[in-house]
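Structure first, then comments.
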Amino acid sequence: MLIKKICIIGGTGFVGRTLANHLTRKGYQLRIPTRDRESHRQELILLPTTELVEGDVHDPQQLRELVDGCDAVINLVGILNERGRDGRGFHKAHVELTETILATCRAAGIQRYLHMSALNADAERGPSHYLKSKGEAEHKALAAEGYDLHVTSFRPSVIFGPDDSFFNRFAKLLKLTPLVFPLACPEARFAPVYVEDVAEAFVRSLNDPATYGQGYDLCGPHEYTLQQLVEYTAQCVGLQRRILPLNNFLSRLQAMVFDFVPGKPFSTDNYLSSQVASVCTNGGDLQRFDIDATAIEAIVPRYLGNHSMRSLYNEFRREAGRH
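Heads up: the sequence shown at position 147 corresponds to 147 in the UniProt record's numbering, and the numbers run straight through without jumps.
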């Protein structure tokens, strides 16, 4: 199977931008759909061999036009929260979109599909709408494996890197909270995996027939409790904060209150997801791709140490863009 051109759905996001850089360095031509081309021009338009195209990937006809001429499709779309609380937003973003993409791949004669799932994704036993919908989407993707479409799925733990929504979000929240920081689900466990390692796993699987029909767990080299990660974040940004661990009742109560806060910094669905440890058995599958997992200690201090300066710079860019 000769792959020259790839459509990355969700390519304007945190992982997508990193993966686009990896693929362009390998010489692949990329097409990245977006609903707002102008808002992503500075991040992606300068990448060689990359085409940023406006379109709605949820519309079957538009998606068919977006993948036309491509040899492979990568689906990175995922949401951590929905506007409502009944799971319909998760189902649309994860399950319905995956169904549309798989049908479009077959109609367009595309034979390679890479799918971003999540650690603990399980359609039957997932404790949250997020994990259930991710599990259902992954099941549908892997079930589509066959002679006319070859599928590989990836299940990462929380992904970290300079533009992540994990360490950066906690850094912002810590700055907004004086002296004491109340932390829900402090004993939740994670094995954070570096975004560059995740992107490289995608790249190395692309032309590897041994990965067809397979799903891979991706984790970093160490496990941490959420409290340890938040304490480390405070250390990296130079803040002295007392982390106040909340018990299960108060954690769930905080989640219920935050369900109604704009932007949902924490939600009941997040709380339910955190009840399952986001860690890999036997360290995960990065070694399958000859990738040495990168520790947070090697990367996180570099970008959190400059967090204030980057925040000011990003705010300046936003203000400049308005004029």
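Don't be surprised by glycine CBs; every beta carbon is placed ideally from N, CA and C. All figures in this text were calculated on a predicted structure; none of them were measured in a lab.
Could you compute how far the alpha carbon of residue i sits from the alpha carbon of residue j?
i, j, result
"isoleucine 159", "arginine 106", "30 Å"
"lysine 264", "methionine 1", "43 Å"
"valine 195", "proline 33", "21 Å"
"arginine 17", "leucine 244", "35 Å"
"histidine 186", "alanine 144", "Residue 186 is actually proline in this sequence, not histidine. Looking at the two C-alpha atoms, the distance is approximately 38 Å."
"alanine 171", "cysteine 236", "9 Å"
"alanine 210", "glutamate 138", "18 Å"
"leucine 66", "alanine 255", "38 Å"
"alanine 121", "aspartate 217", "11 Å"
Just to confirm my understanding: we take residue i, look at its own chain, exclude 5 residues before and 5 after, and list those with CB closer than 6 Å. What are they?
i, result
"histidine 273", "Histidine is not the amino acid found at residue 273; the sequence shown has serine there. Closer than 6 Å at Cβ, skipping near neighbours: Ser128, Tyr130 and Leu131."
"phenylalanine 289", "Ala201 and Arg204"
"proline 182", "Leu244 and Leu246"
"arginine 241", "Leu174, Phe181 and Ala234"
Answer with buried or exposed for residue i, where buried requires no fewer than 16 other C-beta atoms within 10 angstroms of its C-beta.
i, result
"tyrosine 147", "exposed"
"lysine 134", "buried"
"proline 192", "buried"
"arginine 112", "buried"
"asparagine 306", "exposed"
"alanine 298", "exposed"
"aspartate 208", "exposed"
"phenylalanine 249", "exposed"
"threonine 281", "exposed"
As a quick exercise: from the options, pick the residue whose alpha carbon is nearest that of residue i.
i, options, result
"valine 300", "Asn282, Ser165, Asp259 and Glu96", "Ser165"
"lysine 140", "Ala103, Ile3 and Leu173", "Ala103"
"proline 48", "Gly69, Val151 and Asn21", "Asn21"
"isoleucine 79", "Leu142, Asn270 and Ala93", "Ala93"
"arginine 155", "Gly283, Ile8 and Asp36", "Gly283"
"proline 162", "Glu136, Gly109, Lys5 and Val15", "Val15"
"aspartate 86", "Asp285, Gln275 and Ser267", "Ser267"
"alanine 108", "Ala121, Ala293 and Leu149", "Leu149"
"isoleucine 74", "Gln62, Leu97, Arg88 and Gly84", "Leu97"
Tell me which residues share the same chain as residue i and place their Cβ nearer than 7 Å to its Cβ, disregarding the 5 neighbours each side in the sequence.
i, result
"histidine 323", "Confidence is the limiting factor: at histidine 323 the pLDDT is only 42, short of 50, which leaves the residue's position unreliable and the question unanswerable from this model."
"alanine 295", "Gly220, Pro221 and His222"
"leucine 142", "Val151, Ser153, Gly213 and Gly215"
"leucine 304", "Phe167, Ala171, Thr233, Cys236 and Val237"
Please return the same chain residues whose Cβ sits closer than 8 Å to the Cβ of residue i, not counting the five positions on each side in sequence.
i, result
"leucine 312", "Note that leucine 312 scores a pLDDT of 44, beneath 50, so its modelled location is shaky; the value from the coordinates is reported in the next line. Excluding positions up to five away in sequence, the list is empty."
"leucine 76", "Ile8, Ile9, Gly10, Gly11, Gly13, Val15, Gly16, Leu19 and Met116"
"arginine 189", "Glu223, Tyr224, Thr225, Leu226, Ala277, Ser278 and Val279"
Give the C-beta separation of residue i and residue j to the nearest angstrom, bearing in mind that I take them to be a contact with Cβ-Cβ under 8 Å.
i, j, result
"lysine 4", "aspartate 71", "6 Å"
"glutamate 51", "leucine 30", "7 Å"
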